[in-house]
Each structure stands twice: as structure tokens, then as C-alpha cells.
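Inspection log for the structure reproduced underneath, given as C-alpha cells.
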Amino acid sequence: MRRFLALAGLLALTACDAAPAGQHKAAGGTPFLRVVYRDGDAEMVLMVPEKGGQISARGDCAAPLLIDARTGAVRVLDEGEVQARLKTMQLAGATRGACPR
């Protein structure tokens, strides 16, 4: 239940700056997908550039995040952790968005 609430909260926040599918224009940044992966213990949120672009973001907007399913704690992952978790986690969903420049 906590994992669902954490994911629902995260997706609600992402909806604040996400335009409807097919109509997204990123006036303030490069369009990207927020991709959610999960396993039994955690969820990982990654930012993936659309159409081979690059994410140019300020602050923590594009940082890969790990959400602990048990506690709801969130932390930023380094590239090695992301690659290791991609091998064991399952794709759960994605939504469009943009980070401010």
C-alpha cells in the first residue's frame, strides 16, 4: 500500500508539468519520459530523453531516484546503481514531462 501511495504521489507531481500525449511542447526544456521501474523492495524513476535528445535540466529534476517501498524514503542513485537495478527491475510505466532549464 505504501508503495502505491508513493508512486501515486510521484505521478501526481509529474502531472503538474506534463502536457497531454501528442501535444507536448517543451518551452522550458527538452521533452523526456519519466520511466518507473519496480521490484518487490523499491521503485526507480529515470528520466529518458525523447527521440534521441538530451536532458538539459537544472537542479535535481533529471536525477535518477530510488523509492524504498517499505519506508517511502527517496534517494538519488549513481550511474552504477542505475545500471545494476535495470538488470533486476521490471518496467512499470512512463509519463511525459519537462525539466526547467
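The sequence shown runs 15 to 115 under this note's numbering. Note that CB positions come from ideal geometry on N, CA and C, so glycine has one too. Small disclaimer: the values here were computed from a predicted structure and weren't measured.
Here Leu105 is exposed. Its C-beta has fewer than 16 other C-beta atoms within 10 Å.
Comparing alpha-carbon positions, the option among Gly54, Val62, Gly86 and Asp55 lying closest to Cys75 turns out to be Val62. Distance from the CA atom of Leu47 to the CA atom of Asp55, rounded to whole angstroms, is 23 Å. A check of alpha carbon separations from Val50 across Thr109, Ala98 and Pro114 identifies Thr109 as the nearest.
Here Pro78 is near Val90, since their CB atoms are less than 8 Å apart.
Of the residues assessed, Gly94 falls on the exposed side of the cut-off, its CB having fewer than 16 other CB atoms within 10 angstroms.
In the three-state reduction of the DSSP assignment, Ala77 falls in the coil class, being assigned neither a helical nor a strand state.
Going by DSSP, Glu95 is part of no beta strand (DSSP E) but of the alpha helix (DSSP H) stretching over Glu93 to Leu100.
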